[in-house]
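Everything on this sheet refers to the single structure shown next.
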Amino acid sequence: MLEQYTVAEFVRDLQRITGHETDPEIITANVRPLAERLAGSPEIRERNWKEPDPEQGFGFELLHEEIDHTLVVAILTWLPGRVTPPHDHGTWGVIAGVEGEEINTFWQRKDDGSQLGYAEVEKELEIKLTPGKSLTLMPRSIHSIENRSDRVNVSLHTYGMHTNHTERSQFDIERKTASSWKIKE
């Protein structure tokens, strides 16, 4: 039987954690088990989520966002065979698997970031995210997400700030460039 834990309860827990803590590592360490709990709850597991956007390769369904664009909780659905460009978020994050399997590739920036528009990133490691598992992101963590399966993948994303309201970049490995990246909702 799936444990009852609602988005509203999760948001209250987020507010409590971030109300007295500002360190992203401590915040994500506290949020991670709660995100796993919510990702496994009936409210999340038994719902039909909107289809991914074919142009982006993924769908973004906002479940919660504070008026100041903080404490974002969203479901992302990923089309089979699609991959995002390497990107950062400009905020802390926790991603929890809901359905299917996604590959998160983490990248290391090799340049010092001093040259506007230039970035050299190198593949560091891959983490397979499945239901019951989660991972954390620091504000400048660079990763890409890939759905290598033949089915839509679903994951729960929690961010300290809506990524369309942060200084967020995507990285082109071949051209060695960095540019601003916003998502369609």
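Quick note: the sequence shown, position 68, residue 292 per the working numbering, numbers continuous.
Ideal Cβ positions, reconstructed from N, Cα and C, are used throughout, including at glycine.
Determine which residues share a DSSP beta bridge with residue i and list them.
| i | result |
| --- | --- |
| A402 | F395 |
| T329 | E350, S368 |
| N377 | W302 |
| H244 | Paired residue(s): none; H244 is not in a bridge. |
| V307 | E370 |
| L382 | Looking at the sequence shown, residue 382 is not Leu but Thr. BP columns for T382 point to V297, V318. |
| P219 | What is shown of the chain runs 225 to 409, which leaves residue 219 out entirely. |
| D277 | F282 |
Could you check if residue i is buried or exposed, using at least 16 other CB atoms within 10 Å of its CB as the buried criterion?
| i | result |
| --- | --- |
| P278 | exposed |
| I291 | exposed |
| G384 | buried |
| T301 | buried |
| A263 | buried |
| E326 | buried |
| P309 | exposed |
| T230 | exposed |
| S403 | exposed |
| S368 | buried |
| E245 | exposed |
| E260 | buried |
| S338 | exposed |
| R272 | Checking the sequence shown, residue 272 turns out to be Asn, not Arg. Looking at its Cβ environment, which holds fewer than 16 other Cβ atoms inside 10 Å, N272 is exposed. |
Quick check on residue i: does DSSP put it in helix, strand or coil?
| i | result |
| --- | --- |
| V345 | strand |
| D237 | helix |
| P266 | helix |
| H389 | helix |
If you follow the beta strand (DSSP E) that residue i is part of, which residue opens it and which one closes it?
| i | result |
| --- | --- |
| E323 | 317-323 |
| I299 | 294-302 |
| N254 | Per DSSP, N254 belongs to no beta strand (DSSP E); it is in the alpha helix (DSSP H), 248-263. |
| S358 | 358-361 |
| L286 | 282-288 |
When the cut-off is 8 Å and only beta carbons count, does residue i lie next to chain C?
| i | result |
| --- | --- |
| K406 | Here chain C cannot be found, since the structure has a single protein chain. |
Below 8 Å, can you find three or more Cβ-Cβ pairs linking the segment 356-364 to the segment 306-313? yes
Cβ pair count under 8 Å reaching 3, the segment 247-261 against the segment 389-397: no
With three or more beta-carbon pairs closer than 8 Å as the criterion, would you say the segment 278-289 touches the segment 347-356? no
For the segment 334-352 against the segment 233-247, are there 3 or more C-beta pairs whose distance is under 8 Å? no
Three or more C-beta pairs below 8 Å linking the segment 373-382 and the segment 323-342: yes
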